[in-house]
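Just below is one structure, and these are the notes that go with it.
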Amino acid sequence: MMPKTFAPAHAILAVFLLFLAGGPLWLPEFHITLLNYIGLYGLVALGLVLLTGVGGLTSFGQAAFVGLGAYTTAYLTTAHGLSPWLTLVIGLGLTLVFALFLGFITLRLSGHFLPLGTIAWGISLYFLFGNLEWLGGHTGMTGIPAVAIFGLELKDGRSFFYLIWLVLLGAMLTTRNLLDSREGRAIRALKGGSVMAEAMGVNTARSKILIFTVAALYACVSGWLYAHLQRFVNPTPFSINQGVEFLFMAVIGGVGHVWGAVVGAGLITVLKQWLQDFLPELLGQSGNFEVIVFGLMMIFVLHRARNGLWPAIARFVPAPPQERHAVTTAEPLPRRQLPAAGTVLLQAEGVTKRFGGLVANKDMALTVKAGEVMALIGPNGAGKSTMFNCISGVNPPTDGHISFLGQPVAGLEARQVARLGMSRTFQHVRLLSSMTVLENVAIGAHLRGQKNYLAAGLRLERQEEARLLAEAARQIERVGLAEHMFDAAGSLALGKQRIVEIARALAADPCLLLLDEPAAGLRYLEKQALAELLGRLRSEGMGILLVEHDMDFVMGLADRVVVMEFGEKLAEGLPEEIQKNPAVLEAYLGGVE
Amino acid sequence: MDLQILLLLGQDGLTNGAIYALLALALVLVFAVTRVIFLPQGEFVAYGALTLAALQAGKLPGTVWLAVGLGVAVVLIDGGLALKSGNLKRLPRIILGNLGLPLVLLGLISGLEAEALSALALPLQILLTLGIVVPLGPLLYRLVFQPIASATPLVLLIVAVALHMTLIGLGLVFFGAEGFRTQPFSDGAVEIGPLLVQHQTLWILFASVALIALLYVLFERTIYGKALRATALNRTGARLMGISTTMAGKLSMGLAAFIGALSGVLVSPMTTLYYDSGFLIGLKGFVGAIIGGLASYPVAALGAVLVGLLESYSSFYASAFKEVIVFTLIIPVLLWRSLTSHHVEEEEE
Amino acid sequence: MHRKTLIATLISLASGLAASAAWADINVGVSLAATGPAASLGIPEKNTIALLPTTIGGQKVNYIVLDDATDSTTAVKNIKKLISENKVDVVIGSSTTPSSLAMMDVAAENETPMISMAGSAIIVEPMDAKRHWVFKSAQNDAHMATAIVEHMTSNNVQSVAFIGFADAYGQGWYKEFAKIAEARKIKILANESYQRNDTSVTGQTLKILAAKPDAVLIGAAGTPAVLPQKTLKEKGYKGAIYQTHGVANADFLRVGGKDVEGAFLPVGPMVVADQLANDNPVKKSALEYVKKYEGVHGKGSISSFGGHAWDAGVLLGSAVPVALKKAQPGTKEFRKALRDAIEGTKNLPAAHGIFNLSAQDHQGFDQRARVMVKVENGTWKLIK
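So the sequences go chain by chain: L, S and A.
Each residue of the first sequence is one higher than the last, beginning at 40 in this note's numbering.
Each residue of the second sequence is one higher than the last, beginning at 321 in this note's numbering.
Each residue of the third sequence is one higher than the last, beginning at 6 in this note's numbering.
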């Protein structure tokens, strides 16, 4: 164990926790009430941080899940006399089923269809609550019993306070743990990096469902707490307006940050209260100006801090020094058995790709063997990257046959191809710019870990996590970027970002490596180092398929070359043959006189 | 259910759908140009209708003060900026452009006696209404959205939500909680087959079609329309070509305010409108807009009409579950649209 | 802390101390729906609170008014705040049934009397430990529904269609009305609902027309109640149309115009106070409120709902002096005494009727609290 460093941020956190723990002893009753509501709202907003802030999926429907939790317990405890703890489990189960079902349908919606989809079922559920006689209709249900722990009834706000905040802090901790794990990196890649993530073996559809479900479960628990705090439910608190307000809280607080949820819920709750107190004094009792001033203030806040308040606050508190994991000490991950040199790894025949009327690849064929560097060259727009996408499953071919290690892969998803041992880089760098180099590279090792999100949330996967990070660190050192390991990937020069892409591909422990213009933007010495690295990989028995424009680089490194033009194969052969091929020369130099 | 009921419901759905379609067009326009999902679009509808109602009642509508207030704020900010950069020549333009019309209208309306105001010819009253409500669009764009024009769509959406809350609150202060109805453009009805169609219904359908045609001409034929389209397709490219995205934003929001206010004026003789009516109407327009993928005008209009029809038929079959039915049936439509429309996922950071 | 706030705090502290040295002020907390869907109920109520007496029995009365935005969560937050922060002796509110039901638990737990202004009888029935602390100044919906049913039977109406708000108001009305109508052998042919700000109710109207009822009852409040009646007329409906007392304000007549002519509805007597017979016991007390309200807000500005707030004030006006004899405001004993005093109210004329409360009846109005009126020439016309 490393000694923990103690920073101002930790001190502030400790003060905050002490404040919470001692709060009920000295805070006035109403402050406790407000803190209770902040806790309830914060829990829902936390789900949105995960879903919207991190995962990039906007939902207006969270209030409906709150309602589901609240109504389940309200109905079962009053009509059937069940214990609240039992109804919590039932509510969670019901929410799970609902969320999986709704997620299954709505998460297929992309772009702006998703938020509207959430509005749609949010409104539907709300009116369903209001129209079912046995749920009390629009009038609501009274007489919900108090929750009891070990025979102690949590009847008043003060005792309930501890329950709410324990749940919220627990959820925050779990969420933070989850985000700081293998599954978490996959989730963080959803926003703006799903193509890359799929190519690294992440099942992004599953990750989406996962965060959608987690957010729904948080909302359900919040609803359960709400019902037993309020002891009355009616549909209005679960309307679409409230759903919008939850999103509002998350964004105002800082939608990308776990603490943003609490800050947002706190600010909005307190501000509303404050306006209710002070505006009548300022403007008189007669008008209703609260919502006007509230709206204006929110616009103002977002003008000043468009990423929400939490990042703005956090700037004033020196962050605790990045934990520099003792990375290389962990036991190495098991490695794949590489095929013997000369084995045919990849065989593509008759590959054709059409985009509407445009034929990007026509009847392309190539092979790559273990222990060789195969270069794919051709003028801009010749269809090289399209070919890459066909091979790696990112964008499957319209026609043709591709086999990898003797297995047909033309119909497989990118992540299934990745699992077979093929890894790639992208021509347009696809790194997650706010994540560190280490984390970016660790995404490459996604398929080499097994522990699921539950283990991640509870930190039961630390050993595996350390091994994954150690592997990532080793690859970073191997490509010569050790000094940038903890820098944000976006802060690196473009050439170096390409090298990070290679490290990420290597972290997958592939037997076939697809590199799309790895040398672009590199300086001479860096190119030499890269060539050396690729040479070494080749001698270890890896097969490499390379797209590159730098002819010196290609000719010095490649064992065989395929030349493409207008989507078709123009020539194939040894580098020296290609350099003499008149058709190639014509394509590149516009004809020899 | 017999044929006549079927037709009556169809007519009702079509009328509502026409209004939703207009709003859907406005939403698509604003989104395409500014990336703002303009939730407060519905408030323009309510403001338009209630402003007209106030004028007909011989009262000075509060929206005039809003326009003046926003104008003053813009003049202070832009004027301050102009002063700072020593660009005094721009001052008169800033003042006239932002404050001119609201002040003239304020003078005009408060100068008229209540009786004279309510006795004004309907077209004049409508003109006054549009004169009051339409400037709100560009003014609000300048104050609320221009400073954060480069923010993510999520932040823009949340700001739109905040603006929506503010405008609803102002609506309650200006007009009170009770509803208003205005005089129809022309009384009476015509018989079309088995149906008795109110004149106002015809006005709505006519105006919607005319407005859609007008927008088409605007986008296809005029330089401003082309500039808007260019901005919608490629913001950076448009800027490089010398098209001001600020101008495009103001223009699109002005158009949105115009469409909204006109919709309000059109429906207010048919139904009672309230300070908070806009949200639900806007939401249904929004559904149409999304069905059009926030990009295609004709599909958005069709989607909106579909919503109107769905609503009308479900209110007949099971009125208590109307919203449940409408919004549940929307989901498969969305699914179908989502799976068939092309788009690239990866962009936003 | 700013110096000004500091000084203000000191002054208020000092004055607070000085006051409590003598008798403490009476604090009345009010939570109502001044915004949101029920704003047309809450706004006249809020206006009325401003007209309530500021001294009762020689004691200064402070009214602390909060808006719950027609949301039950906010209503609960409000009552918790009123009780714990403002140390109120009694709570008036809220405007709607769900918000009132939500507040009830808090009132009972803190042993603070609460006077709801909402319609549904379930706020005060069945009497139990919780409702022990809860009173209601508005007539029960059942009260009003009975008046309608009586009018229907005496006019030979045998079948009715119902159309109402898709909210607690509409649903509550349907329930009460259906119960009483069934007992009187009136058939209910349709139960339709619509949203307060729907722009069209054509579908519902067509369904009602197809059922061919003798009469239609519209269970809605304020101006939104106009649309169904207008649409029914437009589509050629000729039967009788009944509205509920929720429409009794000037705006309904303004927006409805000739479309709502001929509608029947039950109202509290204050709505037609000047048409009441001079020997009507409610006339004097009703006129007092009407004059006061119209004096501030203009002729024809009264609504039923404002009257409920006034009547809550009337209840306090008679109960507070009794309670003051027993205990000092701001104490638990005073709240208990006040509760007992309200429960003991007898023969108290108010704007909507005569209060006669008991341990079992925490509403206290009888049939004198309702009259049937008809819309005629743009005014409410009392049906004698």
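Beta carbons are placed, not taken as given, at the ideal position from N, Cα and C, and that holds for glycine.
Which one of the options has the shortest CA to CA distance from residue i?
i      : options                           : result
A:E187 : A:I153, A:S306 and A:Q200         : A:I153
S:I524 : S:I579, S:R541 and S:L375         : S:I579
L:A511 : L:V468, L:E579, L:E370 and L:G529 : L:E370
A:L2   : S:V587, S:E643 and S:E498         : Lying before the first or after the last residue shown, residue 2 of chain A is absent from chain A, which here runs from 6 to 389.
S:L416 : S:A552, S:A436 and S:G391         : S:G391
L:E284 : L:E504, L:L133, L:T243 and L:G100 : L:G100
S:T591 : A:G98, A:Q234 and A:A126          : A:Q234
Mind listing the chain A neighbours of residue i? Cutoff is C-beta to C-beta under 8 Å, in chain order.
i      : result
S:I601 : T204
Can you tell me the Cβ-Cβ gap for residue i and residue j, rounded? I've got them flagged as a contact below 8 Å.
i      : j      : result
S:K546 : S:P458 : With 8 Å as the limit, S:K546 and S:P458 do not qualify as a contact, their Cβ atoms being about 19 Å apart.
L:V539 : L:V476 : 6 Å
L:F277 : L:A103 : 6 Å
L:M211 : L:V297 : 5 Å
L:A109 : L:A266 : 4 Å
L:P418 : L:A626 : 6 Å
L:V456 : L:A542 : Wrong, their Cβ atoms sit about 20 Å apart, outside the cutoff.
L:E604 : L:A421 : 5 Å
S:I651 : L:A159 : 5 Å
L:L451 : L:Y257 : Rounded, the Cβ-Cβ distance is 35 Å, inconsistent with contact.
A:A356 : A:D316 : 6 Å
S:A346 : S:L575 : 7 Å
Would you mind reading off the limits of the beta strand (DSSP E) that contains residue i?
i      : result
A:P271 : F269 to V272
L:R221 : Counting along the chain, L:R221 falls outside any beta strand (DSSP E), though it belongs to the alpha helix (DSSP H) covering R221 to R227.
A:W385 : T384 to L387
A:K379 : V376 to E381
L:V301 : L:V301 -> not in any beta strand (DSSP E); alpha helix (DSSP H) instead, spanning V297 to L322.
Does residue i get closer than 8 Å to chain S when you measure Cβ to Cβ?
i      : result
L:V290 : yes
L:P47  : no
A:S99  : no
A:A26  : The predicted position of A:A26 is uncertain, since its pLDDT is 39 and thus under 50; no value can be drawn from it.
Quick check: is the beta carbon of residue i nearer than 8 Å to any beta carbon in chain L?
i      : result
A:S309 : no
A:Q368 : no
S:M485 : yes
A:S403 : The structure shown has nothing for residue 403 of chain A, since chain A only spans 6 to 389.
S:S658 : yes
A:A173 : yes
Does chain A have any CB closer than 8 Å to the CB of residue i?
i      : result
S:L329 : yes
S:A587 : The question names Ala, yet the displayed sequence has Val at residue 587 of chain S. So yes, S:V587 belongs to the interface.
L:P350 : no
L:A365 : Note that L:A365 has pLDDT 49, beneath the 50 cutoff, so the model's placement of it is unreliable and the number below is only indicative. No, L:A365 lies away from the interface with chain A (no Cβ there is under 8 Å from its Cβ).
L:P276 : yes
S:E669 : Per-residue confidence for S:E669 stands at a pLDDT of 32, beneath the threshold of 50, marking its modelled position as unreliable; no derived number is given.
Starting from residue i, find everything on chain L with Cβ-Cβ shorter than 9 Å and list it in chain order.
i      : result
A:S290 : The contacting residues do not exist; A:S290 stays about 25 Å from chain L at best.
A:S306 : Under the 9 Å cutoff, chain L gives no residues; its nearest Cβ is about 14 Å from A:S306.
Which residues in chain S have a C-beta closer than 9 Å to the C-beta of residue i? List them in chain order.
i     : result
L:T91 : L474
Give the interface partners of residue i over in chain A, defined as CB-CB distance under 9 Å, in chain order.
i      : result
L:F271 : S77, V81, P103, L106, A107, M108, M109 and D110
So which residues on chain S does residue i lean against when the C-beta distance must stay under 8 Å?
i      : result
A:Q209 : S635, F636 and S639
A:A245 : Going along chain S, no residue has its Cβ under 8 Å from A:A245, so there is no contact; the nearest lies around 21 Å.
Can you list the residues of chain S that residue i reaches, using a CB-CB cut of under 7 Å?
i      : result
A:E197 : S639
A:G227 : E498
What span of residues does the alpha helix (DSSP H) with residue i cover, start to end?
i      : result
L:T391 : L:T391 -> not in any alpha helix (DSSP H); beta strand (DSSP E) instead, spanning V383 to F394.
Starting from residue i, find everything on chain A with Cβ-Cβ shorter than 7 Å and list it in chain order.
i      : result
L:Y76  : K82
S:S430 : The contacting residues do not exist; S:S430 stays about 20 Å from chain A at best.
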